[in-house]
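Peer 1:
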Amino acid sequence: MSLIQGATGDWEIVMGLEIHAQISSKSKLMSGSSTEFGAEPNTQVSLVDAAMPGMLPVVNEFCYEQAVLTGLGLNAEINFQKRRQTECALLFVIRTYQPHDRHRGCPPSIIVAPQTAT
């Protein structure tokens, strides 16, 4: 660890990298709506996407399979996290993070989640 001397004391440089990747699937993560590129606005929205009362999302298993394969390919620990009622994400924590990052609660990680809205 190297410190940079500043006017008010020594500073430690801490950096993080967050990468978002879109999984190529024919439908969205939480609905059967199309993900076709270039479609007219608001033409690929289902009742689930619009959060209509009583609509329950169904997870696109292909997206989860691809996300898990990505995590396994990166030798990552796979943790499933529910963020909101209609949005889920897979969080992969790379096992080789530095021990000093543990107390900060910020190990290098990769979040792989297809977008759920157009």
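First residue of the sequence shown? That's 68 in the working numbering, and the numbers climb one at a time after it. Here a beta-carbon is modelled for each residue, glycine too, at the ideal position from N, C-alpha and C.
Identify which residue in N142, L123, E128 has its Cα closest to the Cα of S91.
Peer 2: Considering only alpha carbons, the answer is E128.
Peer 1: Please report the straight-line C-alpha distance between V115 and N109, rounded to a whole angstrom.
Peer 2: For V115 and N109, the distance between alpha carbons rounds to 13 Å.
Peer 1: Spell out the partners DSSP gives L139 in its beta bridges.
Peer 2: DSSP, once it has assigned bridges, lists no residue as partnering L139.
Peer 1: Pull up the distance between the alpha-carbon of Y131 and that of L139, whole angstroms please.
Peer 2: So the two alpha carbons sit approximately 12 Å from each other.
Peer 1: Run through DSSP, which three-state label would Q133 get?
Peer 2: Looking at Q133 - three-state DSSP - the assignment turns out to be helix.
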